[in-house]
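The opening residue of the sequence shown carries number 7 in my numbering; numbering runs sequentially from there. Everything below concerns the one structure shown next.
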Amino acid sequence: MQVVRETNIFFVRKLKESARQIAWVISGLMTPLLYILLFSPLLKNITHPAMNTAQVLEMFVPGILVLLAFSSGTGTGWTMVFDLKSGIIERLRVTPASRFAMLMGGVLKDVVAFLIPATIVLVISSLFGYEVHLVGILLQLLLLSIITMMFSAWSGSLGLIFQDVGGVAAVITSLQLPLTLLAGILLPISFGPKWLQVLAHINPLYYGVEASKKLAEGSIVNQSVFVGFIVIVVITIITLIWSTRVYNKAIA
Numbered sequence: 007m008q009v010v011r012e013t014n015i016f017f018v019r020k021l022k023e024s025a026r027q028i029a030w031v032i033s034g035l036m037t038p039l040l041y042i043l044l045f046s047p048l049l050k051n052i053t054h055p056a057m058n059t060a061q062v063l064e065m066f067v068p069g070i071l072v073l074l075a076f077s078s079g080t081g082t083g084w085t086m087v088f089d090l091k092s093g094i095i096e097r098l099r100v101t102p103a104s105r106f107a108m109l110m111g112g113v114l115k116d117v118v119a120f121l122i123p124a125t126i127v128l129v130i131s132s133l134f135g136y137e138v139h140l141v142g143i144l145l146q147l148l149l150l151s152i153i154t155m156m157f158s159a160w161s162g163s164l165g166l167i168f169q170d171v172g173g174v175a176a177v178i179t180s181l182q183l184p185l186t187l188l189a190g191i192l193l194p195i196s197f198g199p200k201w202l203q204v205l206a207h208i209n210p211l212y213y214g215v216e217a218s219k220k221l222a223e224g225s226i227v228n229q230s231v232f233v234g235f236i237v238i239v240v241i242t243i244i245t246l247i248w249s250t251r252v253y254n255k256a257i258a
């Protein structure tokens with residue numbers, strides 16, 4: 007299909023751009039690793055003094071992978087503003103290529119940008135005793151890749167709408183903390199009061215984190231996994247449809 011070929015062209019172009027910016031890849035990897043090395047040891051006494059490192063990682067790593075998926079996707083907004091300022095988007099206006107292909111090329115690049123550090127995080131965590139359930143981990147990475155797609159399409163569209171780094175940063179940073187904290191990324195939501203647990207259920211990332219934790223345990227046939235996939239897939243489809251319309255309008 008024509009759209010598949012065009013998507014591949016834009017995907018390869020974006021990969022080559024990322025390969026020339028290796029510092030950003032290293033920077034993106036450092037955050038989850040620092041959380042694991044410096045923050046997760048604090049959880050041993052907060053949760054239960056008798057918990058060993060492996061048990062703490064089983065609770066903590068799935069949330070960190072969701073945080074990595076979020077950050078891998080939301081960086082697209084800044085890239086889009088740069089493309090606008092440098093004239094790349096202006097040159098794309100005259101091409102007959104599908105705007106959906108342009109969108110998906112960048113989105114798929116972000117999925118790769120997530121999978122590489124996510125795999126490294128899992129390997130390093132396993133050295134500290136984190137138990138890897140192969141099928142569960144593969145499904146977990148699939149779910150988190152979809153989350154990356156959702157945030158990549160969303161942030162890229164924000165870049166086209168605001169056409170300014172300040173506007174994109176204001177939206178993303180203002181939503182990052184409530185979305186990630188209410189998802190139970192750093193600490194389980196069950197530790198919080200009842201009102202916080204109720205509030206968490208309106209956050210789509212909460213369902214992604216809960217599903218991610220179950221899959222990391224190797225629990226595949228589980229209600230949390232089913233609900234997590236349904237919620238994330240539906241919201242991602244809606245986001246992609248909206249983003250395609252934004253691309254069609256902005257790159258007309």
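Glycine residues also receive a C-beta, built at the ideal position from the N, C-alpha and C atoms.
- Under the three-state reduction of DSSP, L71 is assigned to helix.
- Counted as a single uninterrupted DSSP element, the alpha helix (DSSP H) harbouring G165 occupies residues 140 to 168.
- By the C-beta density criterion, S249 is buried, having at least 16 other C-beta atoms within 10 angstroms.
- When only Cα atoms are considered, Y41 and T82 end up about 23 Å apart.
- Sequence-distant partners of P210 (beyond 5 residues in either direction) whose C-beta falls short of 7 Å from its own C-beta, in its chain, are V237, I238, I241.
- DSSP, reduced to helix, strand and coil, places I94 within a helical segment of the structure shown.
- Residue state for P184 is assigned as helix, using DSSP reduced to three classes.
- When rounded, the separation of the alpha-carbon atoms in L188 and G135 is 27 Å.
- Judged by beta-carbon spacing, V118 lies within the 8 Å limit of L21, meaning their Cβ atoms are closer than that value.
- Per DSSP, the continuous alpha helix (DSSP H) segment holding P210 begins and ends at 210 to 222.
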